[in-house]
Amino acid sequence: MSQNLLSIALSDEDIAAINMALGDIESRLVQLVALDNDARRGLTKMGDKSEAFVRQTLMVLEQNPDIVPAAINLSEAQADLRAMDQLRPVAARLQRLSERVSDSRMALGSDAMNTALQGYGLLKLAGRNKGLQALSQALSARFSRNSRSPEPEPALAE
Numbered sequence: 003m004s005q006n007l008l009s010i011a012l013s014d015e016d017i018a019a020i021n022m023a024l025g026d027i028e029s030r031l032v033q034l035v036a037l038d039n040d041a042r043r044g045l046t047k048m049g050d051k052s053e054a055f056v057r058q059t060l061m062v063l064e065q066n067p068d069i070v071p072a073a074i075n076l077s078e079a080q081a082d083l084r085a086m087d088q089l090r091p092v093a094a095r096l097q098r099l100s101e102r103v104s105d106s107r108m109a110l111g112s113d114a115m116n117t118a119l120q121g122y123g124l125l126k127l128a129g130r131n132k133g134l135q136a137l138s139q140a141l142s143a144r145f146s147r148n149s150r151s152p153e154p155e156p157a158l159a160e
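Residue numbers for the sequence shown follow our numbering, beginning at 3 and rising by one.
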């Protein structure tokens, strides 16, 4: 029984338009940063529970400017919060789109893999009489259970 979770055909023009739109999005978001794992670990993070604290604290500081030392850049923190609020729905849309692309790729791969498995089964059964044994044997490498033996370590010269 054949599986067909998804049928999709994108033209070269579709792909070009998608890439152009993505390029436009990237150019408009040029100020975004890319953090490595060490940088991420080192940051103080604002989770959902902390967000209310941050908003209330910034509001109280704005209402009481006489207690805010010059070293604290309140306007920059407020601008950061506004930008974060602006990016939240953008991030949600991009994440949903990314998940749909990923799910679609998985479904397409599953469709192709299921067809290939059915075809491989046919090759194994019917291919013997058609001179396809060598091809069937070559394809069987996909199912090889032999684990690779580790390469011997080179001897150290003394």
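Ideal Cβ positions, reconstructed from N, Cα and C, are used throughout, including at glycine.
All figures in this text were calculated on a predicted structure; none of them were measured in a lab.
{"Item": "Per-residue DSSP class, three states only, for D38", "Value": "coil"}
{"Item": "Alpha carbon of R95 to alpha carbon of L60, nearest angstrom", "Value": "28 Å"}
{"Item": "M48 beta carbon less than 7 Å from that of V35", "Value": "no"}
{"Item": "Buried versus exposed, by CB contacts within 10 Å (16 or more), G129", "Value": "buried"}
{"Item": "Separation of E101 from Q135, as counted between CA atoms", "Value": "41 Å"}
{"Item": "Sequence-distant residues of its chain with Cβ nearer than 8 Å to L8 (five each side left out)", "Value": "S106, A109, L110, D113"}
{"Item": "Given 8 Å, three or more beta-carbon pairs between the stretch 4–21 and the stretch 67–82", "Value": "no"}
{"Item": "N116 (DSSP reduced to helix, strand or coil)", "Value": "helix"}
{"Item": "Helix, strand or coil at N75 [DSSP, three-state]", "Value": "coil"}
{"Item": "Three-way DSSP call (helix, strand, coil) for N21 in this model", "Value": "helix"}
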